[in-house]
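Chains as they are written, first to last, in our numbering: chain A, 13 to 302; chain R, 13 to 203.
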């Protein structure tokens with residue numbers, strides 16, 4: 013299969029429309045390609061068809077004699093009379109022509125090879141340029157991908173930060189709810205005076221069943237003797253006897269923790285015990301409440 | 013492949029073989045057969061009697077020296093000769109025009125003269141070929157024919173042809189390519 017461009021070159025070649033360099037290159041191509049040679053031959057026949065359209069003409073009889081005389085005497089000089097040379101130096105035109113021919117051949121050869129070299133470089137340059145363009149396209153694609161990934165990463169980081177903030181908020185809410193729940197479970201008990209000499213004595217107990225600890229604060233309670241201590245008790249139906257929550261100073265609020273785990277704090281009581289307290293109530297109950 | 017290629021013993025091929033061996037009598041016979049058609053061709057291209065005579069002389073001297081280079085597998089003897097003489101005339105035309113001696117394109121008034129053929133068969137064969145060529149040329153579009161004809165006879169460059177026709181260079185090249193391929197196809201084995 014011969015390319016259209018080559019067919020075009022062949023057509024122009026047989027009509028003598030290629031310049032010298034193109035013609036030489038085409039002749040090289042023909043020498044290397046029998047199919048192209050056959051095409052060129054058929055195109056020469058096609059071109060010669062034009063000549064068949066020209067009516068024949070009779071050349072002057074003298075011309076025949078002139079030509080025959082020329083070949084018979086072996087004179088191969090061109091018949092052209094376009095450039096007459098001086099008769100005094102008949103060798104000069106030939107010498108000049110030979111010089112020109114040598115120079116022209118050398119210049120043509122040199123130019124032809126330079127053109128071939130240029131074509132080769134141009135071809136390589138085009139290929140390198142094509143590869144460079146391809147690489148640049150890939151680079152742009154990679155840059156776009158990188159930009160997309162960076163945007164996605166940034167978005168994901170923002171989403172992560174938002175999620176973490178939401179989690180923190182939820183944790184805070186949970187903590188608040190837990191705190192609220194804890195407060196809701198705290199039991200507050202007011203202990204009334206059982207003392208005739210101190211009817212205005214009162215104590216308040218805040219009991220956290222989850223934490224199994226509490227705070228007690230007494231007011232208007234008479235000071236205990238030096239060998240006595242006020243002791244807090246928790247009445248739990250799971251125990252037969254009140255559970256000790258320890259001795260405390262009624263002058264200030266005191267933290268307490270029962271001696272045994274409390275499942276249900278039905279009542280709180282304060283008794284006046286010997287110094288250091290007792291395992292079970294021994295002294296009088298001075299304050300009591302639910 | 014041409015008709016003469018199939019019959020290498022055709023008269024013109026045989027004469028060329030003899031000319032290649034230096035047979036001047038064979039050359040004389042070739043001159044008798046070919047000179048009218050070739051002179052008509054160079055006259056049409058050069059449009060100058062003297063220049064046409066010189067071109068004809070150049071061409072026949074070339075035939076005398078280069079007959080051995082004729083390749084029967086490539087073309088018919090007539091095609092080979094036509095292309096030689098056409099190129100000689102075009103070369104001469106271009107040289108003259110470069111030297112500012114552009115030939116006045118005045119038609120040679122002398123009417124075409126038909127020489128007696130060497131034989132009745134030869135005249136019939138030539139007439140048949142002209143008929144075949146005429147039909148082939150009429151089978152291609154006029155714009156393609158115009159481009160090819162101008163390229164063959166005028167000696168103009170591609171650019172000059174495009175300017176003369178008034179069409180882009182690419183269009184002219186395409187017309188020439190399509191027309192030449194069509195002609196080659198139609199004339200296959202007929203010349």
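Even glycine gets a Cβ: it sits at the ideal position worked out from N, Cα and C. Keep in mind that this is a model prediction, so the values were computed, not measured.
What does the alpha-carbon distance come out to for the pair residue 22/A and residue 61/A?
Taking the straight line joining both Cα atoms gives about 16 Å.
Flag residue 119/R as yes if its beta-carbon sits less than 8 Å from any beta-carbon of chain A, otherwise no.
Unreliable positioning characterises residue 119/R in this predicted model, as indicated by a pLDDT of 40, which lies under 50. The coordinate reading is nonetheless provided below. Closer than 8 Å: no.
Residues of chain A with CB under 7 Å from residue 211/R, in chain order?
No answer is possible for residue 211/R: it lies beyond the span of chain R, which begins at 13 and ends at 203.
Below 8 Å between beta carbons: does that hold for residue 283/A and residue 296/A?
Yes.
Straight-line CA distance for residue 198/R to residue 148/R?
Distance between the alpha carbons of residue 198/R and residue 148/R: 6 Å.
Buried or exposed: where does residue 139/R fall if 16 or more other Cβ atoms within 10 Å of its Cβ makes it buried?
Looking at its Cβ environment, which holds fewer than 16 other Cβ atoms inside 10 Å, residue 139/R is exposed.
Pick helix, strand or coil for residue 291/A, following the three-state DSSP scheme.
Of the three classes helix, strand and coil, the one that applies to residue 291/A here is coil, per DSSP.
Along the segment 22-44 of chain R, where does the CB come closer than 7 Å to a CB of chain A? Name the residues.
The segment 22-44 of chain R vs chain A, Cβ under 7 Å: 36, 39, 40 and 43.
Note down the Cα distance separating residue 91/R from residue 56/A, rounded to an integer number of angstroms.
Distance between the alpha carbons of residue 91/R and residue 56/A: 7 Å.
Between the segment 62-87 of chain A and chain R, which residues of the former have a C-beta closer than 8 Å to a C-beta of the latter?
Flagged, chain order: 62, 63, 64, 65, 66, 67, 68, 69, 70, 71, 72, 75, 76, 78, 79, 80, 82, 83 and 84.
Could you compute how far the alpha carbon of residue 77/A sits from the alpha carbon of residue 71/R?
Cα-Cα distance, rounded: 15 Å.
Straight-line CA distance for residue 66/A to residue 86/R?
If you take the alpha carbons of residue 66/A and residue 86/R, they lie about 23 Å apart.
I'd like the span of the alpha helix (DSSP H) that includes residue 107/R, first residue to last.
Residues 89-110.
How would you list, in chain order, the residues of chain A whose beta-carbon sits under 7 Å from the beta-carbon of residue 52/R?
66, 67, 68 and 69, listed in chain order.
Which whole runs of the alpha helix (DSSP H) in the segment 152-188 of chain R are 4 residues long or more, in chain order?
Segments of the alpha helix (DSSP H) lying fully in the segment 152-188 of chain R: 154-166 and 170-177.
Please confirm if residue 130/R has its CB atom under 8 Å from at least one CB of chain A.
A caution first: residue 130/R carries a pLDDT of 40, below 50, which makes its placement in the model too unreliable to give a value.
Whole angstroms is fine: what's the gap from residue 69/A's alpha carbon to residue 100/R's?
Cα to Cα, residue 69/A sits roughly 17 Å from residue 100/R.
What distance in whole Å lies between the Cβ atoms of residue 268/A and residue 301/A, which are believed to be in contact at a cut-off of 8 Å?
The Cβ separation is near 15 Å, so there is no contact.
Look up residue 229/A in the DSSP assignment and give the residues it is bridged to.
216/A.
Does residue 98/R come within less than 8 Å of chain A when only Cβ atoms are used?
Taking Cβ atoms only, chain A reaches closer than 8 Å to residue 98/R, which makes this a yes.
Who are the near neighbours of residue 216/A in its chain, counting only those whose CB is closer than 6 Å to its CB and skipping five residues on each side?
Correct list, in chain order: 202 and 229.
Shorter than 8 Å from the beta carbon of residue 48/R to some beta carbon of chain B?
Among the protein chains of the structure shown, namely A and R, there is no chain B.
Which residues in chain R sit within 7 Å of residue 23/A, going by Cβ to Cβ distance?
Per Cβ cutoff of 7 Å: 188, 189 and 192.
Ignore the nearest five residues each way along the sequence and tell me which others in residue 167/A's own chain have a CB closer than 7 Å to its CB.
Contacts found: none.
Looking only at its own chain, which residues have a Cβ that is under 7 Å from the Cβ of residue 39/R, when we skip the five neighbours before and after it?
Only 31 and 76 meet the Cβ criterion.
Going by beta-carbon coordinates alone, are residue 63/A and residue 106/R separated by less than 8 Å?
In this structure, residue 106/R does not lie closer than 8 Å to residue 63/A by Cβ.
Could you list the residues in the segment 58-74 of chain R with a C-beta less than 7 Å from some C-beta on chain A, going in chain order?
So the list reads 65, 66, 68, 69, 70, 72 and 73, given in the order they occur along the chain.
May I ask you to list the residues that DSSP assigns as paired with residue 201/A?
Per DSSP, 217/A.
So if I threshold CB-CB distances at 9 Å, which residues from the segment 140-155 of chain R count as touching chain A?
Within the segment 140-155 of chain R, the residues whose Cβ lies closer than 9 Å to some Cβ of chain A are 141, 142, 144, 145, 146, 148 and 149, listed in chain order.
Exposed or buried, residue 121/R, counting other C-beta atoms within 10 Å across all chains shown (16 or more means buried)?
Caution applies to residue 121/R, whose pLDDT of 42 falls short of 50 and renders its modelled position unreliable; the value that the coordinates give is listed next. Result: exposed.
Name the two residues that bound the continuous beta strand (DSSP E) containing residue 242/A.
Unbroken beta strand (DSSP E) run through residue 242/A: 240-247.
Is the separation between the beta-carbon of residue 174/A and that of residue 198/A shorter than 8 Å?
No, the Cβ-Cβ distance between residue 174/A and residue 198/A is not below 8 Å.
Between 155/R, 166/R, 193/R and 165/R, which has its C-alpha nearest residue 180/R's C-alpha?
Considering only alpha carbons, the answer is 155/R.
Quick one: which chain A residues come within Cβ less than 8 Å of residue 7/R?
Outside the displayed range of chain R (13 to 203) lies residue 7/R, so it cannot be described from this structure.
What's the gap between the Cα of residue 150/A and the Cα of residue 126/A?
Answer to the nearest angstrom: the Cα atoms are 35 Å apart.
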